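Peer 1: In my numbering, the protein residues as written are 297 to 651.
Cβ atoms here follow ideal geometry from the backbone N, Cα and C, with glycine treated the same way.
No experiment lies behind these values; they were computed from the predicted model shown.
The structure under discussion is supplied below as structure tokens; questions concerning it will follow.
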Ligand SMILES: Cc1cc2nc3c(=O)[nH]c(=O)nc-3n(C[C@H](O)[C@H](O)[C@H](O)COP(=O)(O)OP(=O)(O)OC[C@H]3O[C@@H](n4cnc5c(N)ncnc54)[C@H](O)[C@@H]3O)c2cc1C
């Protein structure tokens with residue numbers, strides 16, 4: 297996370313997502329815990345005040361090993377082995393079930409807002425005319441779809457499609473693995489275990505009662521579609537070290553492992569905005585924060601399309617594709633000002649007529 301944007305941007309991500317969920321009645325269904333908190337725990341030589349642990353952030357509670365176990369009994373066995381150094385609890389952090397949320401949101405979009413989704417199409421190429429203007433989207437069945445505005449949001453595959461329009465987007469797939477097991481005695485909040493970078497999320501919604509354990513970042517080319525079996529095994533082995541009592545937490549024998557590709561940018565920030573091809577916009581590169589940042593990104597994109605991307609203030613400077621050009625644009629003082637961020641309640645409203 298870029299320090300210049302830091303906790304305030306995370307807060308804005310959460311606020312926008314929570315607002316959408318509340319307005320559309322999805323919070324309970326998707327098991328969203330806006331203030332469910334996150335406990336980060338340091339193992340071995342990692343000291344709680346050391347690298348990777350947030351220091352003295354307002355509202356974050358520092359905990360010693362005993363306090364960690366009091367807050368989260370799942371760490372009792374590791375503490376008995378003497379390997380826990382301490383932790384931090386961030387009550388303002390949040391978690392939820394992104395699959396249930398996105399499916400339910402798609403239903404709302406179809407029924408309430410008349411949005412049409414077509415999950416069956418496969419895009420082969422973006423067609424551009426001689427004046428660098430979007431002509432249409434070519435599908436693998438040969439059809440050409442045309443539109444007023446084209447937004448490319450294809451995750452780790454974004455660069456493969458963008459390059460067909462002559463646009464270079466520096467995103468690469470960073471594969472991550474997740475072990476999912478039915479819950480027996482799930483943790484009380486989301487957990488992070490350092491230095492293993494294991495992210496643990498209890499998921500108890502109307503549709504599931506599981507614990508998800510995510511980890512690893514493996515750079516893999518887009519043609520490599522198969523997961524690495526050694527990493528799948530390693531995730532299980534690491535979890536048994538981190539939680540020697542994991543059989544009490546989950547039904548270990550019913551576990552399964554899934555993998556996905558995080559759309560990783562070189563600086564870890566999103567890409568939201570126009571390209572050099574007229575009519576073609578990008579909303580991608582969300583790295584490890586695609587769920588958390590989805591609603592905020594969509595609103596910044598909508599705001600940019602309606603009011604111009606400069607109206608996104610400092611976010612335009614951080615998220616523009618132009619930041620990756622060899623000769624970067626000169627940023628105006630306004631776009632460099634970290635306080636210049638659009639008010640969340642104003643995002644997307646048509647302000648073109650306002651003085
Ligand atoms: C293990 C793991 C754990 C994670 N944990 C978190 C977390 O805790 N919090 C969080 O916020 N984020 C997390 N992330 C990151 C998050 O999953 C991503 O940032 C997010 O999925 C990116 O969303 P996206 O819509 O941009 O891309 P994707 O979800 O990858 O969607 C892209 C879509 O484009 C489609 N597509 C691509 N090419 C074409 C084509 N040619 N034609 C038609 N369709 C195409 C794909 O089929 C896909 O449906 C995690 C990721 C992983 C792998």
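1. Within 10 angstroms of its Cβ, does residue 510 collect 16 or more other Cβ (buried), or is it exposed?
2. At a cut-off of 7 Å, is residue 587 close to ligand 1 when judged by its beta-carbon and the heavy atoms of the ligand?
3. Please return the same chain residues whose Cβ sits closer than 6 Å to the Cβ of residue 323, not counting the five positions on each side in sequence.
4. Can you say whether residue 506 is buried or exposed, counting buried as having 16 or more other CB atoms within 10 angstroms of its CB?
5. With respect to the alpha helix (DSSP H) encompassing residue 593, which residues constitute its N-terminal and C-terminal limits?
6. For residue 530, which option in 583, 366, 412 and 514 has the closest C-alpha, if you only look at C-alpha atoms?
7. Below 6 Å CB to CB, which residues in the same chain sit around residue 404 once its five sequence neighbours on both sides are set aside?
8. On the premise that residue 432 lies in contact with residue 441, defined as a C-beta separation below 8 Å, what is that separation, rounded to the nearest angstrom?
9. Is it a yes or a no for the segment 590 to 603 touching the segment 308 to 317, going by three-plus beta-carbon pairs under 8 Å?
10. Could you please give the first and the last residue of the uninterrupted beta strand (DSSP E) stretch that includes residue 552?
11. Within the same chain, show all residues whose beta-carbon is closer than 7 Å to that of residue 613, passing over the 5 residues directly before and after it, in chain order.
12. Compare the C-alpha of residue 599 against each of 559, 521 and 644 and name the closest.
13. Cα-Cα, which of 328, 629, 524 and 583 is closest to residue 264?
14. Please go through the same chain and pick out, in chain order, the residues whose beta-carbon is closer than 8 Å to the beta-carbon of residue 476, but skip the five residues on each side of it.
15. I'd like to confirm the pairing. Which residues does DSSP put opposite residue 388 in its beta bridges?
Peer 2: Well, looking at it:
1. Here residue 510 refers to the residue found at position 214 when the chain shown is read from its first residue. The residue is buried, with at least 16 neighbouring Cβ atoms inside 10 Å.
2. Counting from 1 along the chain shown, the entry for residue 587 is found at position 291. Yes, Cβ of residue 587 sits closer than 7 Å to a heavy atom of ligand 1.
3. Here residue 323 corresponds to residue number 27 of the chain shown, with the count starting at 1. So the list reads 317, once near-sequence residues are dropped.
4. Counting from 1 along the chain shown, the entry for residue 506 is found at position 210. That one is buried.
5. Here residue 593 refers to the residue found at position 297 of the chain shown. 590 to 603 is the extent of the alpha helix (DSSP H) around residue 593.
6. Taking the chain shown and counting its residues from 1, the one referred to as residue 530 is at position 234. Of the listed residues, the one whose Cα sits closest to residue 530 is 514.
7. As a working note, residue 404 is residue 108 in the chain shown. Cβ neighbours of residue 404 beyond the five flanking positions: 320.
8. Counting from one through the chain shown, the residue named residue 441 turns up at place 145. Counting from one through the chain shown, the residue named residue 432 turns up at place 136. Contact between residue 441 and residue 432 holds, since their C-beta atoms are separated by about 6 Å, short of 8 Å.
9. yes
10. Locating residue 552 in the chain shown gives position 256, where the first residue counts as 1. Where residue 552 is concerned, the enclosing beta strand (DSSP E) stretches over 552 to 560.
11. The count along the chain shown starts at 1 and reaches residue 613 at position 317. The residues are 627, 631 and 632.
12. Residue 599 sits at position 303 when you count from the first residue of the chain shown. Taking only the C-alpha atoms, the option nearest residue 599 is 644.
13. Shown here, the chain extends from 297 to 651; a query on residue 264 therefore has no answer.
14. For the purposes of this step, residue 476 is taken as residue 180 along the chain shown, with counting starting at 1. The residues are 506, 507, 508, 509, 551, 552, 553 and 554.
15. Translated into positions along the chain shown, residue 388 becomes position 92. According to DSSP, residue 388 bridges with nothing at all.
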